[in-house]
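Trainee: Below is a structure I'd like to ask you about.
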Amino acid sequence: MSSKPSGLLSATFAEPAYDHLVELVHQRDAAAHRRLASLRMTAHDADGREVLALDVDPAREIFDLGAALSERPEERLMVLFDARYDERVFPYRPHQYAYLHPRGATDAPLYYAVNATLGGVPDRIGATNINNVETYVFRPRAFAERYSVMLGNVSRFAAAQAQLIAYYGTERVGHQIELPPKAHVEAMVAADLEGIRLSRVETKAPFRLATYVVGRRAESGHLVLFDHLFTYVK
Amino acid sequence: MLARALLGVRRERTYYLPWITRRGVDCTLLLSNVEARFKEGFTRGPFLATVTQYNARGKTVGRYEVSLHDPTDTVEVSLGDTPGHGFATVASERINSDLYVTLSDGTSYTATHGRHEFVEQYPPWTAAVLATSTALLALVGRTLPAFARDQYVYVGPDSRSHVLLMNLSNVTNRIRVVLTAADGAARRALLRVPPRGAHLLDVGRLTDPASVTTACRLRLEGNAWFNLYLVGAGARDLDGPLSLMHVK
Numbered sequence: 006m007s008s009k010p011s012g013l014l015s016a017t018f019a020e021p022a023y024d025h026l027v028e029l030v031h032q033r034d035a036a037a038h039r040r041l042a043s044l045r046m047t048a049h050d051a052d053g054r055e056v057l058a059l060d061v062d063p064a065r066e067i068f069d070l071g072a073a074l075s076e077r078p079e080e081r082l083m084v085l086f087d088a089r090y091d092e093r094v095f096p097y098r099p100h101q102y103a104y105l106h107p108r109g110a111t112d113a114p115l116y117y118a119v120n121a122t123l124g125g126v127p128d129r130i131g132a133t134n135i136n137n138v139e140t141y142v143f144r145p146r147a148f149a150e151r152y153s154v155m156l157g158n159v160s161r162f163a164a165a166q167a168q169l170i171a172y173y174g175t176e177r178v179g180h181q182i183e184l185p186p187k188a189h190v191e192a193m194v195a196a197d198l199e200g201i202r203l204s205r206v207e208t209k210a211p212f213r214l215a216t217y218v219v220g221r222r223a224e225s226g227h228l229v230l231f232d233h234l235f236t237y238v239k
Numbered sequence: 026m027l028a029r030a031l032l033g034v035r036r037e038r039t040y041y042l043p044w045i046t047r048r049g050v051d052c053t054l055l056l057s058n059v060e061a062r063f064k065e066g067f068t069r070g071p072f073l074a075t076v077t078q079y080n081a082r083g084k085t086v087g088r089y090e091v092s093l094h095d096p097t098d099t100v101e102v103s104l105g106d107t108p109g110h111g112f113a114t115v116a117s118e119r120i121n122s123d124l125y126v127t128l129s130d131g132t133s134y135t136a137t138h139g140r141h142e143f144v145e146q147y148p149p150w151t152a153a154v155l156a157t158s159t160a161l162l163a164l165v166g167r168t169l170p171a172f173a174r175d176q177y178v179y180v181g182p183d184s185r186s187h188v189l190l191m192n193l194s195n196v197t198n199r200i201r202v203v204l205t206a207a208d209g210a211a212r213r214a215l216l217r218v219p220p221r222g223a224h225l226l227d228v229g230r231l232t233d234p235a236s237v238t239t240a241c242r243l244r245l246e247g248n249a250w251f252n253l254y255l256v257g258a259g260a261r262d263l264d265g266p267l268s269l270m271h272v273k
């Protein structure tokens with residue numbers, strides 16, 4: 006990613022057999038179209054290798070990520086959208102959303118905000134808070150779900166050592182995660198610890214990573230939760 | 026801002042969350058103050074809050090007093106599973122964290138968070154002028170476009186996104202809806218949402234069935250402040266599992 010102030014790098018994760026439509030502009034107004042100058046999409050396997058790169062027509066409103074990755078064999082890819090926007094967009098941060106649904110499933114689709122990651126460059130486009138120490142809270146009763154956190158290092162050169170901490174009442178379980186550039190992982194988090202329910206998770210990293218908290222139906226593995234975490238510093 | 030001042034409109038800071046319930050779909054709010062745990066003056070509880078639940082007609086249908094012992098404590102507020110929808114406000118002096126709204130079919134749950142924004146209060150004379158002018162405009166299918174939103178909605182063979190519109194004001198909000206499908210066909214509707222009320226816009230009624238999931242453009246114009254959440258529905262539409270999702 007360039008260090009130009011009008012650049013935005015956003016990141017998501019993609020799995021096979023999902024309808025996955027990514028909005029390239031948040032609001033379909035003429036001004037938003039003028040501001041999107043270019044967009045390049047790249048997809049990376051778990052080790053960080055680039056397996057697909059596309060220059061996306063910036064006039065498009067919706068990018069069909071599910072279709073673009075339909076031939077890929079990987080279980081999970083990290084997808085980066087490297088955009089250039091007209092400087093008039095600032096200080097407002099262009100925000101992308103996406104629609105996600107397992108094809109043919111009765112589950113509800115998810116609609117989520119794509120991580121604005123910026124590639125580890127200090128945040129210069131509106132969000133001035135610390136955004137690399139985050140948390141997420143879970144419901145206290147048990148569900149037939151599996152939980153995890155997807156983490157991806159979007160930086161070009163710097164490896165990242167991240168901490169993922171899961172809390173069970175007063176107990177905490179920490180995971181150390183090493184991520185070379187563009188590598189990513191789905192770190193599983195146990196739903197309970199000796200009968201005590203998972204209450205929250207926390208991620209800490211030296212700079213902004215792509216981070217999503219994930220919940221899956223235990224039986225099918227379909228996503229029921231795919232959401233950003235929340236910063237401690239508001 | 027000048028227009029608001031001239032019209033005497035006040036904006037009250039409000040944290041709100043949407044709610045929707047169906048038979049077999051339970052809606053539960055999840056409250057905590059975890060994001061404030063490192064904030065000076067917020068490390069010790071109790072943290073008190075009042076949750077007020079409004080239904081689609083804008084009537085108060087629930088009020089819940091909540092106390093969090095410390096920043097990492099969580100409290101659930103069940104809004105039941107009697108079919109309905111609307112929004113709930115959370116009033117608290119010392120909660121400074123995003124709060125979640127969850128929908129569950131009993132085996133799993135989906136979640137999103139609320140918004141710290143505002144509710145608009147119109148004085149009686151402004152409300153009367155608005156009521157008269159928007160009633161006249163409604164005769165020709167229009168509204169006073171004081172606020173406008175653009176949003177994508179999705180329609181597919183086994184999933185779609187409906188829209189929960191929330192009237193965040195104390196006046197009737199006439200909201201004009203224009204939905205443009207991928208083929209350019211446009212459908213229009215004019216909604217009348219009561220003060221602090223809500224409307225569940227069934228996108229399926231405004232579009233033709235689709236063989237693949239496609240995005241439609243939705244343009245919304247209202248005479249008073251409103252916001253929206255998307256309601257995700259799967260193959261069983263509103264009778265099956267649901268999700269809620271905030272928009273910017």
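Residue numbers (the numbering used here), protein chains in the order written: chain A, 6 to 239; chain B, 26 to 273.
For every residue, glycine included, the Cβ atom is placed at its ideal position computed from N, Cα and C.
Quantities reported herein were computed from a predicted structural model and do not represent experimental measurements.
1. In the DSSP assignment, the alpha helix (DSSP H) including Gly-71 of chain A goes from what residue to what residue?
2. Go ahead and label Lys-84 of chain B buried or exposed: buried means 16 or more other beta carbons lie within 10 angstroms of its beta carbon, across all protein chains shown.
3. Between Leu-26 of chain A and Ala-240 of chain B, how many whole angstroms is the CB-CB distance? I'm expecting something under 8 Å.
4. For the beta strand (DSSP E) that contains Gly-44 of chain B, what are its first and last residues?
5. Tell me the DSSP secondary structure of Leu-27 of chain B in three-state form.
6. List, in chain order, every chain A residue whose beta-carbon is nearer than 9 Å to that of Met-26 of chain B.
7. Excluding the 5 residues flanking Ser-194 of chain B on each side, which residues of the same chain have their C-beta closer than 7 Å to its C-beta?
8. So for Thr-168 of chain B, helix, strand or coil by DSSP?
9. Do the stretch 49 to 60 of chain A and the stretch 168 to 187 of chain A meet, that is, are 3 or more Cβ pairs less than 8 Å apart?
10. For Ser-103 of chain B, which residues of its own chain have a beta-carbon under 6 Å away from its beta-carbon, when the five flanking residues on both sides are left out?
11. Are Asp-112 of chain A and Gly-259 of chain B closer than 8 Å when you measure CB to CB?
12. Which residues in the same chain have their Cβ closer than 7 Å to the Cβ of Val-203 of chain B, if we skip the five residues on either side of it in sequence?
13. Give the range of the beta strand (DSSP E) segment to which Thr-205 of chain B is assigned.
14. Is there at least one Cβ from chain C nearer than 8 Å to Ala-110 of chain A's Cβ?
15. Can you give the Cα-Cα distance for Ala-165 of chain A and Ile-182 of chain A, rounded to whole angstroms?
16. Per DSSP, what are the beta-bridge partners of His-94 of chain B in this structure?
17. Please check the pair Leu-55 of chain B and Tyr-125 of chain B, which I expect to be a contact at CB under 8 Å, by giving their CB distance rounded to whole angstroms.
18. Just grab the DSSP bridge partners of Asn-158 of chain A for me.
19. If you measure beta-carbon to beta-carbon, which residues of the stretch 158 to 177 of chain B are closer than 7 Å to chain A?
20. Would you kindly check if the distance between the Cβ of Tyr-90 of chain A and the Cβ of Leu-41 of chain A is under 8 Å?
21. Is it the case that the Cβ atoms of Leu-82 of chain A and Phe-148 of chain A are separated by a distance below 8 Å?
22. Thr-151 of chain B lies in the alpha helix (DSSP H); which residues open and close that run?
23. Can you pull out the residues from the stretch 84 to 101 of chain B whose beta carbon lies closer than 8 Å to at least one beta carbon of chain A?
24. Helix, strand or coil: which one does DSSP assign to Arg-77 of chain A?
25. Going by beta-carbon coordinates alone, are Leu-93 of chain B and Gly-109 of chain B separated by less than 8 Å?
26. Pull up the CB-CB distance for Thr-77 of chain B and Ala-113 of chain B, whole angstroms please, since I reckon it's below 8 Å.
27. Val-206 of chain A and Ala-171 of chain A: beta carbons closer than 8 Å?
28. Of the residues A:Leu-230, A:Thr-236, A:Leu-44, which one's Cα is nearest the Cα of Phe-143 of chain A?
29. Buried or exposed: which applies to Ala-171 of chain B, given that a residue is buried once 16 or more other Cβ atoms fall within 10 Å of its Cβ?
30. For Arg-47 of chain B, count the other beta carbons within 10 Å of its own beta carbon; 16 or more makes it buried, fewer makes it exposed. Which is it?
31. Between the Cα of Glu-79 of chain A and those of A:Tyr-117, A:Ala-22, A:Asn-120, A:Leu-85, spot the shortest distance and give me the residue it belongs to.
32. Between Gly-131 of chain A and chain B, is any beta-carbon pair separated by less than 8 Å?
33. Rounded to the nearest angstrom, how far is the Cβ of Leu-32 of chain B from that of Thr-151 of chain B, given a contact under 8 Å?
34. For Val-229 of chain A, which of helix, strand or coil comes out of DSSP?
35. Spatial neighbours of Gly-124 of chain A within its chain, please: C-beta separation below 6 Å, excluding the five flanking residues on both sides.
36. Who does Arg-230 of chain B pair with in a DSSP beta bridge?
Mentor: Taking the structure as given:
1. Taking the first sequence and counting its residues from 1, one reaches residue 71 of chain A at position 66. Run containing Gly-71 of chain A: 70 to 73, per the alpha helix (DSSP H) assignment.
2. Sequence index remark: in the second sequence, residue 84 of chain B carries index 59 (1-based). Exposed, since its Cβ has fewer than 16 Cβ neighbours within 10 Å.
3. On the first sequence, residue 26 of chain A is found 21 positions in, with the first residue counted as 1. On the second sequence, residue 240 of chain B is found 215 positions in, with the first residue counted as 1. The pair is a contact, with the Cβ atoms about 6 Å apart (cut-off 8 Å).
4. Start at 1 with the first residue of the second sequence, and residue 44 of chain B comes out as number 19. It should be pointed out that residue 44 of chain B corresponds to Trp in this sequence rather than to Gly. Unbroken beta strand (DSSP E) run through Trp-44 of chain B: 35 to 46.
5. Taking the second sequence and counting its residues from 1, one reaches residue 27 of chain B at position 2. Helix, per DSSP.
6. Looking up residue 26 of chain B in the second sequence gives position 1. Near Met-26 of chain B there are no residues of chain A at all, since even the closest Cβ is about 18 Å away, more than 9 Å.
7. As a position in the second sequence, residue 194 of chain B is number 169, starting the count at 1. Cβ neighbours of Ser-194 of chain B beyond the five flanking positions: Val-144, Glu-145, Tyr-147, Pro-220, Ala-249, Trp-250.
8. For the purposes of this step, residue 168 of chain B is identified with residue 143 of the second sequence, where counting begins at 1. It is coil, neither helix nor strand.
9. Taking 8 Å as the limit for Cβ pairs, the verdict is that the stretch 168 to 187 of chain A does touch the stretch 49 to 60 of chain A.
10. Taking the first residue of the second sequence as position 1, residue 103 of chain B is located at position 78. Within the same chain, Ser-103 of chain B has close Cβ partners Thr-53.
11. For the purposes of this step, residue 112 of chain A is taken as residue 107 along the first sequence, with counting starting at 1. For the purposes of this step, residue 259 of chain B is taken as residue 234 along the second sequence, with counting starting at 1. Yes.
12. Here the question's residue 203 of chain B lines up with position 178 in the second sequence. Result list for Val-203 of chain B: Ala-211, Arg-213, Arg-244, in chain order.
13. Here residue 205 of chain B corresponds to residue number 180 of the second sequence, with the count starting at 1. First-last of the beta strand (DSSP E) with Thr-205 of chain B: 198 to 205.
14. Annotation note: the requested chain C is absent from the structure, which comprises protein chains A and B.
15. Start at 1 with the first residue of the first sequence, and residue 165 of chain A comes out as number 160. Start at 1 with the first residue of the first sequence, and residue 182 of chain A comes out as number 177. Near 8 Å, if we compare the C-alpha coordinates of Ile-182 of chain A and Ala-165 of chain A.
16. One-based indexing of the second sequence puts residue 94 of chain B at position 69. According to DSSP, His-94 of chain B bridges with nothing at all.
17. Position 30 of the second sequence holds residue 55 of chain B. Position 100 of the second sequence holds residue 125 of chain B. That belief holds up - the Cβ atoms of Leu-55 of chain B and Tyr-125 of chain B are roughly 4 Å apart, short of 8 Å.
18. In the first sequence, counting from the first residue as 1, residue 158 of chain A sits at position 153. Answer is none; Asn-158 of chain A lacks a bridge partner.
19. Asp-175, Tyr-177
20. Within the first sequence, numbered from 1, the residue matching residue 41 of chain A stands at position 36. Within the first sequence, numbered from 1, the residue matching residue 90 of chain A stands at position 85. For Leu-41 of chain A and Tyr-90 of chain A, yes; Cβs fall inside 8 Å.
21. Residue numbering aside, residue 82 of chain A sits at position 77 when the first sequence is read from its first letter. Residue numbering aside, residue 148 of chain A sits at position 143 when the first sequence is read from its first letter. Judged by their CB atoms, Leu-82 of chain A and Phe-148 of chain A are not nearer to each other than the 8 Å cut-off.
22. Position 126 of the second sequence, counted from the first residue, corresponds to residue 151 of chain B. Run containing Thr-151 of chain B: 149 to 163, per the alpha helix (DSSP H) assignment.
23. Thr-97, Thr-99, Glu-101
24. The count along the first sequence starts at 1 and reaches residue 77 of chain A at position 72. Correct three-state label for Arg-77 of chain A: coil.
25. By one-based count along the second sequence, residue 93 of chain B stands at place 68. By one-based count along the second sequence, residue 109 of chain B stands at place 84. For Leu-93 of chain B and Gly-109 of chain B, no; Cβs fall outside 8 Å.
26. For the purposes of this step, residue 77 of chain B is taken as residue 52 along the second sequence, with counting starting at 1. For the purposes of this step, residue 113 of chain B is taken as residue 88 along the second sequence, with counting starting at 1. Right, the Cβ-Cβ distance comes to about 6 Å (below 8 Å), so this counts as a contact.
27. By one-based count along the first sequence, residue 206 of chain A stands at place 201. By one-based count along the first sequence, residue 171 of chain A stands at place 166. Yes.
28. Taking the first sequence and counting its residues from 1, one reaches residue 143 of chain A at position 138. Selected option, being the one with the closest Cα: A:Leu-230.
29. In the second sequence, residue 171 of chain B corresponds to position 146, counting from 1. So Ala-171 of chain B counts as buried.
30. As a first step, residue 47 of chain B must be located in the second sequence, where it is residue number 22. The residue is buried, with at least 16 neighbouring Cβ atoms inside 10 Å.
31. For the purposes of this step, residue 79 of chain A is taken as the residue at position 74 of the first sequence. Of A:Tyr-117, A:Ala-22, A:Asn-120, A:Leu-85, the residue nearest in Cα terms is A:Ala-22.
32. Stepping through the first sequence from its first residue, residue 131 of chain A is reached at position 126. Low confidence applies here, because Gly-131 of chain A scores a pLDDT of 44, under 50, leaving its location unreliable; read the following figure in that light. No, Gly-131 of chain A lies away from the interface with chain B (no Cβ there is under 8 Å from its Cβ).
33. Residue mapping note: residue 32 of chain B aligns to position 7 of the second sequence, counting from 1. Residue mapping note: residue 151 of chain B aligns to position 126 of the second sequence, counting from 1. Yes, they are in contact, since the Cβ atoms of Leu-32 of chain B and Thr-151 of chain B sit about 5 Å apart, within 8 Å.
34. By 1-based counting over the first sequence, the position of residue 229 of chain A is 224. Reduced to three states, the DSSP call for Val-229 of chain A is strand.
35. For the purposes of this step, residue 124 of chain A is taken as residue 119 along the first sequence, with counting starting at 1. At Gly-124 of chain A, the pLDDT of 42 sits below 50, so the modelled position is not reliable; the number obtained from the coordinates is stated separately. Correct list, in chain order: Met-6, Leu-14, Val-159, Ser-160.
36. Position 205 of the second sequence, counted from the start, is the residue given in the question as residue 230 of chain B. DSSP output for Arg-230 of chain B lists no bridge partner at all.
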